[in-house]
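Residue 500 is where the sequence shown starts when you use the numbering used here, and the numbers rise one by one after that. The beta-carbon is built from N, C-alpha and C at its ideal position, and this holds for glycine as well. Read through the structure below, which is laid out as structure tokens, and then see the notes.
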Amino acid sequence: MEEQSLSRIVESKVASVAITDMHTHLFPPSFGSLQMSGANHVLTYHYLIAEAFRTGATDPKAFWKLSTSAQADWIYHRLFQEMSPLSEAASGVVEIARQFSVNLQVDGLLGLRGALSEDANDEYIDRILKMAGVDNVVMTNDPFDPVERGYWENKTPLNPHFVPALRLDPLVNQWTQAASTLSSLGYRVSPEFQDGRVVEVRRFLEDWVNRMAPVYLAISLPDSFDFPDLSVRSRLLEAVILPLCRQHKLPLALMIGAKRQVNPSLGPAGDSTGKAAMTPLENLCRDFPDNKFLVSLLSRENQHELIVTARKFGNLMPFGCWWFLNTDTLVEEIMRMRVELIGPTFIAQHSDARVLEHLIYKWARTRRVVARVLVDKYQKLAKVGWTVDSARIEADVKALFQQNFWDFASR
Ligand code: FIX
Ligand code: ZN
């Protein structure tokens, strides 16, 4: 197959593959106050808040007192009117606007507010998912959030495109507060973690696995994460979480390297990144061979060693270019490293979207970058006499954007 048609086929397969977005913070319309869409939420994405605060000119306390609409106005003014929206997140807003035939430089924020919808219904959801080419979004479902807990306890219906994932950060990272929440919910645990009470923690998790039917369990962990050690976290992992995942054949997603609230005045924008050790991950994958680990690391410096570790353990599935890594430059770098070291055996990306319309630019970008890398790799193969047909390319692309995830989850 000559080079031109090869790249045309690769580009069209990447452009058209239906995506499973395996980590987002999105909610369906039935989850009311938790569902985020519309121009004000697009503009007050914490990525843009952090960037706008860099321009100074406001006291964080004053900003947080503003309405979402007033916050959006200020961010728009600082990042789009007083400078060019060159960053990944700012240019993403321009890309969202264009998909809605809004020319921000002419129609302004008013035009975007008129085109997008804050009160998304299932029809609007379907429209945006179609624009982004996404067929499933995996949520981040936190039973420790009283608002979200209420929706689940009331058996709130789920739009079929939304897939639950049981998130356990409070349990493993803030045991004392989690213990008091569990006690208030009728689980007999105490703030001093006692091994004898792990049955009650297990009962809590079983109740939520039955209530949510999650596709995986998930925790984010700091750069300082260690395992095994004498921490409550290690004991919960070993005595409760890993056995439960094995019994239900559920992967455990480990998102490692988030340094929470390095600048609390920025609120949700105040988290940062730190390089994690790989030994804890090696220990988990080696010592728990019947557990499946979906893993994403936040530090760019961890990416190469994560892929080497994935070469050592088939029960480790690297996923995505997380948060500060989701930029054209780093997605390309990481994509190339992964293909060159482990072939098409990983999960290319997740969006981490918190606002529905963010799916549009995040996935358009990823598709462009992944297509560029794959064209290069297939052309290299062709130069040494290996031919691929359209069906094989389609299968490789589908593996990277959804099949590797579903196969790993159901393994
Ligand atoms: O831990 C996480 O799920 C992170 O993705 C979030 O805490 C973070 O705020 C985010 O949304 C990054 O994109
Ligand atoms: Zn996230």
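{"Asked": "Whole-angstrom distance between residue 502 and residue 902, CA atom to CA atom", "Found": "27 Å"}
{"Asked": "heavy atom of the ligand FIX below 7 Å from residue 707 C-beta", "Found": "no"}
{"Asked": "Residue 864 and residue 824 closer than 8 Å at C-beta", "Found": "no"}
{"Asked": "Residue 810 to residue 884 span [Cα, whole Å]", "Found": "26 Å"}
{"Asked": "Rounded Cβ spacing between residue 516 and residue 615 (contact assumed at less than 8 Å)", "Found": "Not confirmed; about 25 Å, so no contact."}
{"Asked": "Cα-Cα separation between residue 888 and residue 847, rounded to whole angstroms", "Found": "21 Å"}
{"Asked": "Where residue 782 sits in the DSSP three-state scheme", "Found": "helix"}
{"Asked": "Residue 818 beta carbon less than 8 Å from that of residue 845", "Found": "yes"}
{"Asked": "Whole runs of the beta strand (DSSP E) within the stretch 677-759, excluding any shorter than 3 residues", "Found": "716-720 and 751-755"}
{"Asked": "Alpha helix (DSSP H) runs wholly inside the stretch 827-910, at least 4 long, in chain order", "Found": "827-841, 857-882, 889-897 and 903-909"}
{"Asked": "Segments of 4+ residues assigned as alpha helix (DSSP H) that fall wholly inside the stretch 532-615", "Found": "538-542, 545-552, 559-564, 567-575, 587-598 and 603-614"}
{"Asked": "Residue 620 - DSSP class collapsed to helix/strand/coil", "Found": "coil"}
{"Asked": "heavy atom of the ligand FIX below 7 Å from residue 660 C-beta", "Found": "no"}
{"Asked": "For residue 637: DSSP bridge partner residues", "Found": "662"}
{"Asked": "Residues bridged to residue 771 [DSSP beta-bridge criterion]", "Found": "758"}
{"Asked": "Nearest to residue 794 (by Cα), restricted to the options 897, 699, 522 and 649", "Found": "522"}
{"Asked": "Buried versus exposed, by CB contacts within 10 Å (16 or more), residue 539", "Found": "buried"}
{"Asked": "Residue 669 - containing alpha helix (DSSP H), residue span", "Found": "668-672"}
{"Asked": "Paired residues, beta bridge with residue 518 - DSSP", "Found": "633"}
{"Asked": "First through last residue of the alpha helix (DSSP H) which encompasses residue 805", "Found": "802-811"}
{"Asked": "The stretch 760-776 in contact with the stretch 702-713 per 3-pair CB rule at 8 Å", "Found": "no"}
{"Asked": "For residue 793, three-class secondary structure by DSSP", "Found": "strand"}
{"Asked": "Local conformation of residue 645 per DSSP, three classes", "Found": "helix"}
{"Asked": "Closer than 7 Å: residue 862 CB and nearest the ligand FIX heavy atom", "Found": "no"}
{"Asked": "Residue 524 Cβ short of 7 Å to the ligand ZN heavy atom set", "Found": "yes"}
{"Asked": "Residue 500 - containing beta strand (DSSP E), residue span", "Found": "Unbroken run through residue 500: none, as it is neither H nor E."}
{"Asked": "Distance between residue 570 and residue 563 (C-alpha atoms, nearest Å)", "Found": "8 Å"}
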